[in-house]
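Be aware that the sequence shown starts at 3, since it is given in the numbering used here, and climbs by one per residue. What follows is one structure encoded as structure tokens, with my remarks underneath.
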Amino acid sequence: MQIFPRQLNYLPLVLAVAAFTAGGAITFVFWFYFSPKNLQVGYAPEQPVPYSHRLHAGELGIDCRYCHANVEQSAYSMVPPTQTCMGCHAVVHPESARLAPVRESWATGDPIEWVRIHQLPDHSYFNHSAHLYGAKAVYEDGSEVRVAVGCTSCHGRIDQMEVVAIAEPIAMGWCLECHRNPGPNLRPVEEITNMAWEPDEEWVSHQEDHARAVNPPEHCNGCHR
3 MQIFPRQLNY LPLVLAVAAF TAGGAITFVF WFYFSPKNLQ VGYAPEQPVP YSHRLHAGEL
63 GIDCRYCHAN VEQSAYSMVP PTQTCMGCHA VVHPESARLA PVRESWATGD PIEWVRIHQL
123 PDHSYFNHSA HLYGAKAVYE DGSEVRVAVG CTSCHGRIDQ MEVVAIAEPI AMGWCLECHR
183 NPGPNLRPVE EITNMAWEPD EEWVSHQEDH ARAVNPPEHC NGCHR
């Protein structure tokens, strides 16, 4: 006498297909949705002072290095101290209510608690000066040009942001894409903070020369030390 129906013979196959489908769906969700592109890009925290990069870097044309000083020589991009802010605002809008935290910081000596936006894990090593100081590229005709990575390659059009947000997924895969093909992200070193700079045809034709000059590492200990 047959106790179980014949349809149960298909149960292992059904379970296998279900497990494969569920596994594929879970993998897709974590691979795509929980990627830095979705979890990082667009992050724009509220700051203690409503500082507008669109106004300062865009309309007023203040160079990035006025506030983030020595970024070409330092491993880190410094957060500007209150003294930098007061260099202008001691006379520009000195009574503005929005700048009250700046004046309080200046009076007390307590730093403004800016919220850090771009953060790398502790096991990753990134040196701003290595990217911005530049390297010398030599063309076939003997002419030379110093090339470096521009601010916009990593941070986007900061000069158009009222509130700074993460523009690119700062993750290993994204960094490796640039290390394997740095040419499109390189520009003359004197243009690194020029947000509106665009390469012309001649510059594009020398991308391979530029890439050979910088020769970024692709091995693990280049970023994990």
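Ideal Cβ placement from N, Cα and C applies to all residues, glycine included. On a predicted model such as this, the values are computed, not experimentally measured, just so you know.
**Asked** So, helix, strand or coil for residue 56, using DSSP?
**Response** Here residue 56 refers to the residue found at position 54 when the sequence shown is read from its first residue. Reduced to three states, the DSSP call for residue 56 is helix.
**Request:** Can you have a look at residue 118 and say buried or exposed, based on whether 16 or more other CB atoms are within 10 angstroms of its CB?
**Result:** Along the sequence shown, one-based indexing puts residue 118 at 116. It is exposed - the Cβ of residue 118 has fewer than 16 other Cβ atoms within 10 Å.
**Asked** In terms of residues, what are the limits of the alpha helix (DSSP H) holding residue 148?
**Response** Start at 1 with the first residue of the sequence shown, and residue 148 comes out as number 146. Run containing residue 148: none in the alpha helix (DSSP H); it sits in the beta strand (DSSP E), 146-151.
**Asked** Quick one: is residue 184 buried, meaning 16 or more other Cβ sit within 10 Å of its Cβ, or exposed?
**Response** For the purposes of this step, residue 184 is identified with residue 182 of the sequence shown, where counting begins at 1. The residue is buried, with at least 16 neighbouring Cβ atoms inside 10 Å.
**Request:** List the residues that DSSP assigns as beta-bridge partners of residue 190.
**Result:** Counting from one through the sequence shown, the residue named residue 190 turns up at place 188. Residue 190 is bridged to 149.
**Prompt:** Between the C-alpha atoms of residue 166 and residue 176, what's the straight-line distance to the nearest angstrom?
**Reply:** As a first step, residue 166 must be located in the sequence shown, where it is residue number 164. As a first step, residue 176 must be located in the sequence shown, where it is residue number 174. Each residue's Cα considered, the two are about 20 Å apart.
**Message:** On a Cα-Cα basis, can you pick out the residue from 213, 195, 161 that is closest to residue 179?
**Reply:** Looking up residue 179 in the sequence shown gives position 177. Nearest option by C-alpha distance: 213.
**Prompt:** Exposed or buried, what is residue 79 when buried is set at 16 or more other beta-carbons lying within 10 Å of its beta-carbon?
**Reply:** On the sequence shown, residue 79 is found 77 positions in, with the first residue counted as 1. Buried.
**Asked** With a CB to CB cut of under 7 Å and the five nearest residues on each side skipped, what residues in its chain are close to residue 81?
**Response** Translated into the one-based positions of the sequence shown, residue 81 becomes position 79. Here the set comprises 116.
**Inter-residue Cα distance where the pair is residue 20 and residue 127** = Looking up residue 20 in the sequence shown gives position 18. Looking up residue 127 in the sequence shown gives position 125. Using only the alpha carbons, I get a separation of about 42 Å.
**Message:** Just list the residues that DSSP pairs residue 140 with in beta bridges.
**Reply:** Counting from one through the sequence shown, the residue named residue 140 turns up at place 138. Paired residues: 146.
**Request:** Note down, in chain order, each residue of its chain lying with its Cβ closer than 8 Å to the Cβ of residue 45, except the 5 sequence neighbours on either side.
**Result:** What you label residue 45 is simply residue 43 of the sequence shown in a count that begins at 1. Here the set comprises 119, 167, 168.
**Asked** Can you tell me the Cα-Cα spacing of residue 138 and residue 211, whole angstroms?
**Response** Residue mapping note: residue 138 aligns to position 136 of the sequence shown, counting from 1. Residue mapping note: residue 211 aligns to position 209 of the sequence shown, counting from 1. Answer to the nearest angstrom: the Cα atoms are 10 Å apart.
**Request:** Taking 8 Å as the threshold, find out whether the stretch 130-146 comes into contact with the stretch 189-208 through three or more Cβ pairs.
**Result:** yes
**Request:** Can you give me the start and stop residues for the alpha helix (DSSP H) that residue 84 sits inside?
**Result:** Locating residue 84 in the sequence shown gives position 82, where the first residue counts as 1. Here the alpha helix (DSSP H) through residue 84 covers 84-91.
**Asked** Mapping DSSP to helix, strand and coil, what is residue 195?
**Response** The residue labelled residue 195 in the question sits at position 193 within the sequence shown. Reduced to three states, the DSSP call for residue 195 is coil.
**Item:** C-alpha distance - residue 74 paired with residue 196, whole-angstrom precision
**Value:** The sequence position of residue 74 within the sequence shown is 72, counting from 1. The sequence position of residue 196 within the sequence shown is 194, counting from 1. If you take the alpha carbons of residue 74 and residue 196, they lie about 14 Å apart.
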